[in-house]
Amino acid sequence: MRNNATKAIPPLAIIGALFFIFGFITWLNGTLIPFLKIACELTYSQALLVTFAFYIAYVFLAIPSSLILQKTGFKNGMALGLVVMAVGAVVFVPAAQARSFPLFLTGLFIQGAGLALLQTASNPYASILGPIESAAQRISIMGICNKIAGALSPVIIGAVVLKGAAELENQLAGTISQSGKDLLL
């Protein structure tokens, strides 16, 4: 029995890291709202579409994710979910260069789709990595990894990305020309 428990530790550590990753990405959205509001000169209502674009992917991709997992299995499904998330992150590059809010929303939707697949695969996988009697414990520990990332994400990204955001917003308000705004952003 001890040997089986030892074999389960590396996969559980990987699943814990995945839960941390999708907790970090999920909670990052709240930090993105003020940044995109400034960079894309959005109203508050428009900025809230960040959250909508991300979470609506779960609505559309939950059932297709289960169908994908039936064909690929849990491990390949998790890998595919990470690839889809990476594609969503790559979409942020041209979105940032063009300051295109619709492109940012597209990237967020793609990331949400990847996370839907990743979570659909990783939750049941964590429960089968050991005895069924301790499945709830494993899922709870994975939830802790997720929540730790959720607590760290706004702090880290807020300190890095939003440092000086209020000052930048004031400078933008005083800038009349579009070229001046482009220079600041």
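In the numbering used here, the protein residues as written are 1196 to 1380. From the three backbone atoms N, C-alpha and C, an ideal C-beta is built for every residue, glycine too.
Of the listed residues the options, nearest to residue i (C-alpha basis)
i: A1311; options: P1319, F1215, A1234, G1276; result: G1276
i: G1268; options: A1291, L1313, A1281; result: L1313
i: Y1320; options: Q1265, A1293, V1350; result: Q1265
i: G1353; options: A1208, F1219, A1290, L1213; result: F1219
i: N1224; options: E1362, L1303, L1324, I1343; result: L1303
Rounded C-alpha distance that separates residue i from residue j
i: G1309; j: A1248; result: 13 Å
i: A1284; j: G1272; result: 18 Å
i: L1243; j: E1236; result: 13 Å
i: G1325; j: F1287; result: 38 Å
i: I1327; j: E1362; result: 54 Å
i: S1322; j: V1282; result: 28 Å
Buried or exposed (CB count within 10 angstroms, at least 16 for buried), residue i
i: V1240; result: Per the sequence shown, the amino acid found at residue 1240 is Ser instead of Val. When all chains shown are included, S1240 counts as exposed.
i: A1344; result: buried
i: L1256; result: buried
i: G1210; result: Contrary to the premise, residue 1210 reads as Ile rather than Gly in this sequence. So I1210 ends up on the buried side.
Per-residue DSSP class, three states only, for residue i
i: T1221; result: helix
i: G1283; result: helix
*Write down every uninterrupted run of the alpha helix (DSSP H) in the segment 1290 to 1356 whose length is 4 residues or greater and which is fully enclosed by it, in chain order.*
Runs of the alpha helix (DSSP H) lying entirely within the segment 1290 to 1356 and spanning at least 4 residues, in chain order: 1296 to 1322, 1330 to 1356.
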